[in-house]
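Peer 1: Input: one structure, supplied below.
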Amino acid sequence: ARRLSAGLARLPDPPARVEARLGGGMILLAFDEEDASLQLWLTPRDETKEAFFRGTTTDLRYLGQEALSFRQQRWLARICSGLRRVERSVEWQSFLEAAARQSSAPAMGLNADRRVTSGDAALLRVTTRCQARCDFCSSQGVLHDLVEDLPTLRKRVARAVIEGRRTVSITGGEPTLRRDLPELIAAARKQGISGVELQTNGILLARASLVDALAESGCTSIFLSLHSCEPQLHDEILHVPGAYDKAMRGARNCMEAGLGVCVNHVMTRRNITHLASFVENVIGHLGPVGIRLSFMAPEGWGASQIDLMPRLSEAAAQVARAIDIGSSLGADVRVPGLCGIPACLLPGYEEHFEELLDEVPPPVLVTRRKVEACGGCVHEPRCSGFWNAYLERHGVLELGPGRGDRSL
Numbered sequence: 057a058r059r060l061s062a063g064l065a066r067l068p069d070p071p072a073r074v075e076a077r078l079g080g081g082m083i084l085l086a087f088d089e090e091d092a093s094l095q096l097w098l099t100p101r102d103e104t105k106e107a108f109f110r111g112t113t114t115d116l117r118y119l120g121q122e123a124l125s126f127r128q129q130r131w132l133a134r135i136c137s138g139l140r141r142v143e144r145s146v147e148w149q150s151f152l153e154a155a156a157r158q159s160s161a162p163a164m165g166l167n168a169d170r171r172v173t174s175g176d177a178a179l180l181r182v183t184t185r186c187q188a189r190c191d192f193c194s195s196q197g198v199l200h201d202l203v204e205d206l207p208t209l210r211k212r213v214a215r216a217v218i219e220g221r222r223t224v225s226i227t228g229g230e231p232t233l234r235r236d237l238p239e240l241i242a243a244a245r246k247q248g249i250s251g252v253e254l255q256t257n258g259i260l261l262a263r264a265s266l267v268d269a270l271a272e273s274g275c276t277s278i279f280l281s282l283h284s285c286e287p288q289l290h291d292e293i294l295h296v297p298g299a300y301d302k303a304m305r306g307a308r309n310c311m312e313a314g315l316g317v318c319v320n321h322v323m324t325r326r327n328i329t330h331l332a333s334f335v336e337n338v339i340g341h342l343g344p345v346g347i348r349l350s351f352m353a354p355e356g357w358g359a360s361q362i363d364l365m366p367r368l369s370e371a372a373a374q375v376a377r378a379i380d381i382g383s384s385l386g387a388d389v390r391v392p393g394l395c396g397i398p399a400c401l402l403p404g405y406e407e408h409f410e411e412l413l414d415e416v417p418p419p420v421l422v423t424r425r426k427v428e429a430c431g432g433c434v435h436e437p438r439c440s441g442f443w444n445a446y447l448e449r450h451g452v453l454e455l456g457p458g459r460g461d462r463s464l
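Structure representation (structure tokens):
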């Protein structure tokens with residue numbers, strides 16, 4: 057990494073810092089003092105794929121921005137020069153091949169407006185640490201949106217307020233592992249944020265004192281990860297004994313403290329057949345809380361666990377039954393944007409798809425695409441497509457207008 061980026065130090069306006077990470081190849085990130093970044097992805101040479109720069113053994117791509125600034129172009133030119141030198145090293149090719157085999161894939165490709173999530177809330181990722189080890193965790197690899205200090209958080213919140221956003225979603229890793237979490241929440245509220253959602257596995261929320269501190273600091277709701285209504289299966293998925301009981305206790309603590317509770321369930325092959333009973337059990341234990349039915353993403357650790365992804369047609373049938381049961385019991389059951397299944401799979405259920413309800417178009421990610429059949433779909437302008445990794449393995453016949461009728 058030092059050899060790749062050595063030429064940057066000789067520029068009149070070098071990056072403030074450079075970071076290197078591994079997973080799916082080597083990722084090099086250059087940041088300036090305003091927190092703008094150049095994200096480069098280096099992988100073994102592959103003639104079948106496009107690359108910005110192709111060396112003798114290496115493909116280099118930059119992620120995110122459709123057009124680089126003049127300053128970023130100079131950074132990129134220096135790193136390409138560094139790559140020519142590094143490729144002469146006998147260790148480089150074996151190193152890059154080993155990096156490409158690592159399970160943490162590059163983060164979702166960013167579009168020009170830097171949105172990487174659907175919805176109106178600004179995302180603040182405050183840690184990469186987590187006591188759970190879910191095999192499908194997508195929060196591994198390059199996390200461009202990581203906020204590790206209070207000044208950076210204030211800067212991100214200020215940007216969100218200027219953009220007209222009034223809510224933030226704090227995530228990780230597991231954000232409750234940060235002892236200064238109440239301070240971070242309070243800082244966001246002081247800048248004009250009216251709602252703070254906390255994305256959490258809920259394990260530490262079993263401590264009522266922590267929940268009280270979060271509520272007092274200005275937290276308004278939690279987005280609770282719960283992946284089975286069977287305690288043993290949920291604990292096995294997280295690799296944390298007792299996680300289910302603590303999460304449920306944490307949810308009740310939050311409700312008693314006046315915080316809103318929404319449950320997030322990630323569908324995998326291990327729990328897909330339990331979806332309807334999961335919704336029924338959640339409502340039975342917590343009341344008609346919000347429930348979001350997510351689909352495993354082939355990102356982070358999930359990139360090396362593609363076999364855990366259920367078929368979309370199977371998921372659609374289960375989601376339909378779960379929505380029907382939840383609606384009959386008075387719960388708000390929805391399918392989230394980038395983390396859900398495409399709306400074309402469930403005709404007649406459009407009002408339950410957050411992507412279709414969002415006021416702005418979804419982000420455009422290099423790891424997702426639309427297929428030819430999408431061109432005739434009324435939902436196409438509001439749809440982000442689906443994961444390339446899934447389509448490469450299972451084909452495209454499940455997607456497109458009217459395809460959902462077959463799955464039901």
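This note's numbering puts the first residue of the sequence shown at 57, with every later residue one more than the last.
Note that beta-carbon positions come from the ideal geometry of N, C-alpha and C, so glycine has one too.
#1: Please name the residue in A244, L254 and Q361 whose C-alpha comes closest to that of D43.
#2: What residue range is occupied by the uninterrupted beta strand (DSSP E) comprising W97?
#3: Should L453 be labelled buried (16 or more other beta-carbon atoms within 10 Å of its own) or exposed?
#4: I'd like to check one pair, L260 with S225: are the Cβ atoms closer than 8 Å?
#5: I need the straight-line Cα distance from E436 to R144, nearest angstrom please.
#6: What is the rounded straight-line gap between the Cα of A271 and the Cα of E219?
#7: Quick check: G346 and D388, are their CB atoms within less than 8 Å of each other?
#8: Specify, as a first and last residue, the run of the alpha helix (DSSP H) that D241 falls within.
#9: With distance defined between alpha-carbon atoms, name the residue in D191, Q187 and P231 nearest to V203.
#10: In the DSSP assignment, the beta strand (DSSP E) including C318 goes from what residue to what residue?
#11: How big is the Cα-Cα spacing for F334 and P419?
#12: Let me confirm a value: A154 is counted as buried when at least 16 other C-beta atoms fall within 10 Å, else exposed. Which label applies?
#13: Which residues share a DSSP beta bridge with T227?
#14: For my contact list, Y405 and A373 are in at a C-beta cut-off of 8 Å; report their separation, rounded to the angstrom.
#15: Ignore the nearest five residues each way along the sequence and tell me which others in F8's own chain have a CB closer than 7 Å to its CB.
#16: If you check the beta carbons only, do R210 and Q247 fall under 8 Å apart?
#17: Please report the distance separating the alpha-carbon of L280 from that of Q187.
#18: Let me make sure I understand the geometry here. Which of F351, S360, R425 and A178 has the alpha-carbon closest to that of I328?
#19: How would you call S61, buried or exposed, if buried means at least 16 neighbouring beta carbons within 10 angstroms?
#20: Is the Cβ-Cβ distance between L294 and N257 less than 8 Å?
#21: Ends of the alpha helix (DSSP H) at S150?
#22: Nearest by alpha-carbon distance to S125: which of V146, G111, T184 and D69 is it?
#23: What number of angstroms, rounded off, separates the C-alpha of A399 from the C-alpha of E370?
#24: Just the Cα atoms here: how many angstroms apart are S194 and Q361?
Peer 2: So, from the listed chains and residues:
#1: Because the chain in this structure spans residues 57 to 464, residue 43 falls outside the shown range and cannot be described.
#2: Position 41 of the sequence shown, counting from 1, holds the residue named residue 97. Here the beta strand (DSSP E) through W97 covers S93 to P100.
#3: Here residue 453 is taken as the residue at index 397 of the sequence shown, counted from 1. Its Cβ having fewer than 16 others within 10 Å, L453 is exposed.
#4: In the sequence shown, the residue the question calls residue 225 occupies position 169. In the sequence shown, the residue the question calls residue 260 occupies position 204. Going by C-beta atoms, S225 is not nearer than 8 Å to L260.
#5: Here residue 436 corresponds to residue number 380 of the sequence shown, with the count starting at 1. Here residue 144 corresponds to residue number 88 of the sequence shown, with the count starting at 1. Whole-angstrom Cα-Cα distance: 47 Å.
#6: As a working mapping, residue 271 is identified with position 215 in the sequence shown. As a working mapping, residue 219 is identified with position 163 in the sequence shown. A271 and E219: Cα-Cα distance of roughly 26 Å.
#7: As a working mapping, residue 346 is identified with position 290 in the sequence shown. As a working mapping, residue 388 is identified with position 332 in the sequence shown. In contact: G346 and D388 (Cβ atoms closer than 8 Å).
#8: Along the sequence shown, one-based indexing puts residue 241 at 185. It should be noted that the sequence gives Ile, not Asp, for residue 241. Taken as a continuous stretch (DSSP letters only), the alpha helix (DSSP H) holding I241 covers L237 to K246.
#9: Your numbering for residue 203 matches position 147 in the sequence shown. The shortest C-alpha separation from V203 is found at P231.
#10: Here residue 318 refers to the residue found at position 262 when the sequence shown is read from its first residue. It spans G316 to M323 - the beta strand (DSSP E) in which C318 sits, taken as one unbroken run.
#11: Here the question's residue 334 lines up with position 278 in the sequence shown. Here the question's residue 419 lines up with position 363 in the sequence shown. Annotation: F334 to P419 spans about 30 Å, alpha carbon to alpha carbon.
#12: Here residue 154 refers to the residue found at position 98 when the sequence shown is read from its first residue. Under this definition A154 is an exposed residue.
#13: Numbered from 1 along the sequence shown, position 171 holds the residue referred to as residue 227. DSSP lists R181 as partners of T227.
#14: Counted from its first residue, the sequence shown places residue 405 at position 349. Counted from its first residue, the sequence shown places residue 373 at position 317. Actually they are not in contact, since the Cβ atoms of Y405 and A373 sit about 12 Å apart, beyond 8 Å.
#15: The chain is shown from 57 up to 464; residue 8 falls before or after that span and cannot be answered.
#16: Residue mapping note: residue 210 aligns to position 154 of the sequence shown, counting from 1. Residue mapping note: residue 247 aligns to position 191 of the sequence shown, counting from 1. Yes, these two residues count as a Cβ contact at 8 Å.
#17: Walking along the sequence shown from the start, residue 280 turns up at place 224. Walking along the sequence shown from the start, residue 187 turns up at place 131. If I take the Cα positions, the gap works out to 15 Å.
#18: The residue you call residue 328 lines up with position 272 of the sequence shown. Ranking the options by Cα distance to I328, first place goes to F351.
#19: As a position in the sequence shown, residue 61 is number 5, starting the count at 1. Counting Cβ neighbours within 10 Å, S61 comes out buried, since at least 16 surround it.
#20: Numbered from 1 along the sequence shown, position 238 holds the residue referred to as residue 294. Numbered from 1 along the sequence shown, position 201 holds the residue referred to as residue 257. Contact: yes.
#21: Against the sequence shown, residue 150 aligns to sequence position 94. Its alpha helix (DSSP H) spans residues W148 to R157.
#22: Position 69 of the sequence shown, counted from the first residue, corresponds to residue 125. Closest by alpha carbon: D69.
#23: The residue given as residue 399 occupies position 343 in the sequence shown. The residue given as residue 370 occupies position 314 in the sequence shown. Approximately 14 Å, taken between the alpha carbons.
#24: As a first step, residue 194 must be located in the sequence shown, where it is residue number 138. As a first step, residue 361 must be located in the sequence shown, where it is residue number 305. About 11 Å.
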